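Undergrad: Structure provided below as structure tokens; questions to follow.
Numbering (the numbering used here), first residue to last: 11 to 472.
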């Protein structure tokens with residue numbers, strides 16, 4: 011009996027060792043950039059994405075997707091963990107089956123992915139694949155391989171699309187060029203993301219076969235739509251060859267739970283909630299809407315009407331409200347940002363008079379630090395501006411806030427421009443900001459308007 015037991019134990023150990031040996035070892039690609047560069051690029055690109063894409067605002071859906079994402083992040087192999095990365099998972103209200111992750115951790119999953127998935131494992135498979143691109147730093151590794159200057163990548167992820175300037179870069183981002191750039195990886199990188207994604211899934215308690223199955227699900231969805239074109243995710247994540255079989259082979263060498271997570275009550279509830287909502291638009295329709303925006307078709311005029319003393323109240327999805335002059339127009343609007351300007355003060359290069367109000371993702375709870383990061387990004391993408399002073403304490407909607415002043419010669423009006431930035435932290439950790447813009451020689455005509463506007467802002471409990 012003792013001999014048989016010993017033999018059984020030995021065989022068990024040999025089986026485990028064989029599995030470990032057979033599991034594909036992934037070589038991290040060569041990368042000349044620092045971890046901080048990935049974080050910086052991702053933060054800037056995330057702000058741009060969220061100003062151009064319709065982020066779904068539903069607490070239950072958001073919590074669920076973040077839960078699945080956090081579960082996968084915890085399963086990243088220890089030797090590949092990057093503690094500095096901050097992984098966030100948000101749902102884009104778009105019908106296309108697509109998802110993408112930015113350097114440093116921000117990930118965006120189209121609503122269409124959740125609706126098409128047959129179980130939580132298939133959703134987790136797409137997310138694990140995208141997490142793998144982040145973990146292996148494929149964006150900056152690809153830039154290293156192509157010998158791209160880092161500033162070209164930073165330009166793609168510029169904050170606010172040149173908030174005050176706008177221009178061609180903003181238009182490109184309006185067409186979601188940023189997403190396309192980070193998704194067009196080489197076949198080698200696609201294979202790595204498939205393999206590491208499978209390994210992460212197994213460690214997280216999912217069946218890696220669901221990653222392979224999701225590719226089939228996406229293919230079937232594409233055929234059922236009859237467009238003749240593959241779904242966006244497969245177009246931007248080309249099959250490196252035998253993808254389905256390769257994942258299934260890798261799975262045989264992994265320690266997969268005997269009872270992996272498949273269909274869960276939470277998955278069914280979220281899927282049902284999404285299907286009960288009004289149908290999401292396609293990315294093509296969203297892009298077309300961006301191109302048809304007022305600001306894109308605006309025209310600058312020499313004489314801009316003074317702000318009216320009469321106001322109207324603007325409400326933003328229950329996040330905030332603000333009173334603005336009745337002769338100001340909403341010239342650009344997304345889930346996270348709105349631009350106000352009078353006639354003759356806006357065009358595709360940005361605004362010359364008016365205000366921009368929005369919400370920016372942050373990585374901490376230090377208001378001064380997060381504000382300076384925001385200001386630095388704004389200065390980087392509007393290089394005619396200079397920060398003229400430090401921070402002053404103020405309040406927004408009875409919350410602690412900061413303000414700072416920027417100035418410089420506007421490339422649009424050729425006059426000195428005054429830009430004031432006001433910020434406060436929301437309870438969810440994001441940065442709420444107000445940017446006011448006016449030529450210096452008209453500053454006194456706008457001071458009371460800006461003051462009344464700031465005093466009228468009401469933030470909800472977010």
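Beta carbons: idealized from backbone N, C-alpha and C, even for Gly. Predicted, not measured: the structure shown is a model, and the values here were computed from it.
#1: Could you give the first and the last residue of the continuous alpha helix (DSSP H) run that contains residue 45?
#2: Under 8 Å, with one C-beta from each stretch per pair, do the region 332 to 343 and the region 278 to 297 reach the 3-pair mark?
#3: Could you please give the first and the last residue of the uninterrupted alpha helix (DSSP H) stretch that includes residue 71?
#4: Helix, strand or coil, according to DSSP, for residue 66 in the structure here?
#5: Out of 207, 407 and 312, state which residue places its alpha-carbon closest to the alpha-carbon of residue 261.
#6: Compute the distance between the beta-carbons of residue 430 and residue 413, then report whether it is under 9 Å.
#7: Classify residue 461 as helix, strand or coil using the three-state DSSP reduction.
#8: Quick check: the Cα distance between residue 463 and residue 225, rounded to an integer number of angstroms?
#9: With a Cβ-Cβ cutoff of 9 Å, do residue 377 and residue 433 count as a contact?
#10: In chain order, what residues of the same chain lie with their CB nearer than 6 Å to the CB of residue 73, ignoring the 5 residues before and after it?
#11: Helix, strand or coil: which one does DSSP assign to residue 307?
#12: Could you check the C-alpha separation between residue 135 and residue 34 for me, to the nearest Å?
#13: Which same chain residues end up closer than 7 Å to residue 82 when comparing Cβ atoms and leaving out the 5 residues on each side of it in sequence?
#14: Just verifying my parser: in three-state terms, what is the DSSP assignment at residue 196?
#15: Given that a residue counts as buried once 16 or more other Cβ atoms are within 10 Å of its Cβ, and exposed if not, what is residue 63?
#16: Taking DSSP's pairing of strands, which residues face residue 343 in a bridge?
#17: In the DSSP assignment, find the beta strand (DSSP E) that holds residue 410 and state where it starts and stops.
#18: Just tell me which of 144, 67 and 329 has its CA closest to the CA of residue 437.
#19: Looking at the secondary structure, which residues open and close the beta strand (DSSP E) in which residue 328 lies?
#20: Can you tell me where the alpha helix (DSSP H) holding residue 422 begins and where it ends?
#21: Checking 9 Å against the spacing of the C-beta atoms, do residue 276 and residue 443 come in under that value?
#22: Give the DSSP-derived three-state secondary structure of residue 287 in the structure shown.
#23: Specify the secondary structure class of residue 208 as computed by DSSP and reduced to three states.
TA: On the basis of the supplied data:
#1: 45 to 62
#2: no
#3: In the DSSP assignment, residue 71 falls within the unbroken alpha helix (DSSP H) covering 69 to 84.
#4: coil
#5: 207
#6: yes
#7: helix
#8: 50 Å
#9: In this structure, residue 433 lies closer than 9 Å to residue 377 by Cβ.
#10: Excluding its 5 nearest sequence neighbours in each direction, residue 73 has no C-beta neighbour in its own chain below 6 Å.
#11: helix
#12: 18 Å
#13: 134, 137, 138, 141, 210 and 214
#14: coil
#15: buried
#16: 348
#17: 409 to 419
#18: 329
#19: Run containing residue 328: none; DSSP gives neither H nor E here.
#20: Premise fails: residue 422 is in no alpha helix (DSSP H) and is neither H nor E.
#21: no
#22: coil
#23: helix
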